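The numbering of the sequence shown is this note's numbering, which starts it at 552 and goes up by one.
First up is the structure itself, then whatever we jot down about it.
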Amino acid sequence: MASEHIERFDTVATNVLKALHSKFPAAFHPTPNSIGLTDEEPVTVNGRREFSEEYDRLSTETKQALNFLIEEGFVHDRQYRIGPSHVITAKGLKALERIDPAFPAPALADM
Numbered sequence: 552m553a554s555e556h557i558e559r560f561d562t563v564a565t566n567v568l569k570a571l572h573s574k575f576p577a578a579f580h581p582t583p584n585s586i587g588l589t590d591e592e593p594v595t596v597n598g599r600r601e602f603s604e605e606y607d608r609l610s611t612e613t614k615q616a617l618n619f620l621i622e623e624g625f626v627h628d629r630q631y632r633i634g635p636s637h638v639i640t641a642k643g644l645k646a647l648e649r650i651d652p653a654f655p656a657p658a659l660a661d662m
């Protein structure tokens, strides 16, 4: 049986891939609220973003999962300085389809 931290990683990473799939082929920036981990929206007050400790923890989990997905080739970071820069790769599309068949990969991903 998978340990709790592996199960949590699986949930966060899968949510990241699903969110990227929903925007494919456009670039997207995954955040805890944009991938469905929370409804909390950080607010900007006097030029500073304010959010709860829980949001901060979820943000860290999201960044860690995203970094792993990038390093392993499931997500590509176009490294735009402004705006969203993450796109799911063919490898990511195929992996997500295996995880959840409701998210099919485009035909080109199989070539």
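We put the beta carbon where it would ideally sit given N, CA and C, even for glycine.
All values derive from a computational prediction rather than experimental measurement.
Contact check between the segment 639–659 and the segment 592–612: fewer than three CB pairs, one atom from each, fall below 8 Å, which does not count as touching.
For Gly634, the closest of Ala564, Leu644, Pro581, Glu622 by C-alpha to C-alpha distance is Pro581.
Between the beta-carbon of Leu647 and that of Lys574 there is about 13 Å, and that puts the pair past the 8 Å contact cut.
Phe560 carries a helical assignment under DSSP once its states are collapsed to helix, strand and coil. The distance from the Cβ of Val638 to that of Ala578 is about 5 Å, consistent with a contact at the 8 Å cut-off.
Between Ser636 and Asp651, the alpha-carbon positions lie close to 24 Å from each other.
Val567 places its beta carbon 8 Å or farther from that of Leu644. Asn597 has its alpha-carbon roughly 33 Å from the corresponding atom of Phe619.
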